[in-house]
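If you count by full-length UniProt numbering, then the sequence shown holds residues 1 to 126, one letter each, in order. Quick reminder that beta carbons are idealized off the backbone N, C-alpha and C, glycines included.
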Amino acid sequence: MNHAPPKIVLLVEDEPHILSLLSDYLAGEGYQVLEADSAPKAFEILATKPHLDLLVTDFRLPGNVSGVMIAEPALKLRPDLKVIFISGYPIEIYESGSPIARSAPVLAKPFALDTLRSQIQQLLAS
Numbered sequence: 001m002n003h004a005p006p007k008i009v010l011l012v013e014d015e016p017h018i019l020s021l022l023s024d025y026l027a028g029e030g031y032q033v034l035e036a037d038s039a040p041k042a043f044e045i046l047a048t049k050p051h052l053d054l055l056v057t058d059f060r061l062p063g064n065v066s067g068v069m070i071a072e073p074a075l076k077l078r079p080d081l082k083v084i085f086i087s088g089y090p091i092e093i094y095e096s097g098s099p100i101a102r103s104a105p106v107l108a109k110p111f112a113l114d115t116l117r118s119q120i121q122q123l124l125a126s
């Protein structure tokens, strides 16, 4: 049996406990997780990692940066990248006016880890 390599997820979240919780969970689900706790770190990873399957990003990030500001350039580099936004303020994502915000799933915090898992599976299956 040939095993497909693990899917690679870039997780962008500035709250350390949420970052580590989601990272541990996704790793346990068999994903390779790259963690970024800020936009500069996320951009650094995007600049150096040639392959990513999925971007899971918080919407509100330090430095007045939004998850959309990370997703837009990421998608320019990798048009087939899948994106999921997580946010305590989902309405702000829709109000951002970004086309990505209209097409990418948004999980309102707090969300169940099962919800995240099924959302990821759905996206990566398509």
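Under three-state DSSP, which class holds residue i?
i: Asp114; result: helix
i: Ser87; result: strand
i: Lys41; result: helix
i: Lys49; result: coil
i: Ala108; result: strand
i: Pro24; result: The displayed chain sequence assigns Asp, not Pro, to residue 24. In the structure shown, Asp24 sits in a helix (DSSP, three-state: H, G or I).
i: Ser98; result: coil
i: Glu13; result: coil
i: Ala71; result: helix
i: Ser35; result: The question names Ser, but residue 35 is Glu in the sequence shown. Note: Glu35 maps to strand in three-state DSSP.
Relative to the alpha-carbon of residue i, which residue among the options has its alpha-carbon at the smallest distance?
i: Pro50; options: Pro110, Asp14, Leu75; result: Leu75
i: Lys7; options: Pro16, Tyr31, His17; result: Tyr31
i: Arg102; options: Lys109, Phe111, Pro79, Pro90; result: Pro90
i: Thr48; options: Ser38, Asp58, Ile120, Leu34; result: Leu34
i: Asp58; options: Glu13, Ala112, Pro99, Leu52; result: Glu13
i: Leu81; options: Gly97, Gly88, Asp114, Ala125; result: Ala125
i: Tyr25; options: Gln122, Pro99, Ala112; result: Ala112
i: Leu54; options: Val68, Ala27, Ser66, Val9; result: Val9
Apart from the five residues just before and just after residue i, which ones in its own chain have a Cβ nearer than 7 angstroms to its Cβ?
i: Glu29; result: Arg117
Excluding the five sequence neighbours on either side, which residues of its own chain have a C-beta within less than 8 angstroms of the C-beta of residue i, listed in chain order?
i: Asp73; result: Correcting the residue identity first, residue 73 is Pro in this sequence and not Asp. Closer than 8 angstroms at Cβ, skipping near neighbours: Phe43, Leu46.
i: Arg78; result: Leu52
For residue i, which residues from the same chain have a beta carbon less than 6 angstroms from its beta carbon, with the 5 sequence-adjacent residues on both sides left out?
i: Leu61; result: Asp14, Ala39
i: Val106; result: Phe85, Pro90, Ile93
i: Ala27; result: Val33
i: Ser36; result: According to the sequence provided, residue 36 is Ala. The question's Ser does not apply to it. Val12, Ala42, Ile45, listed in sequence order.
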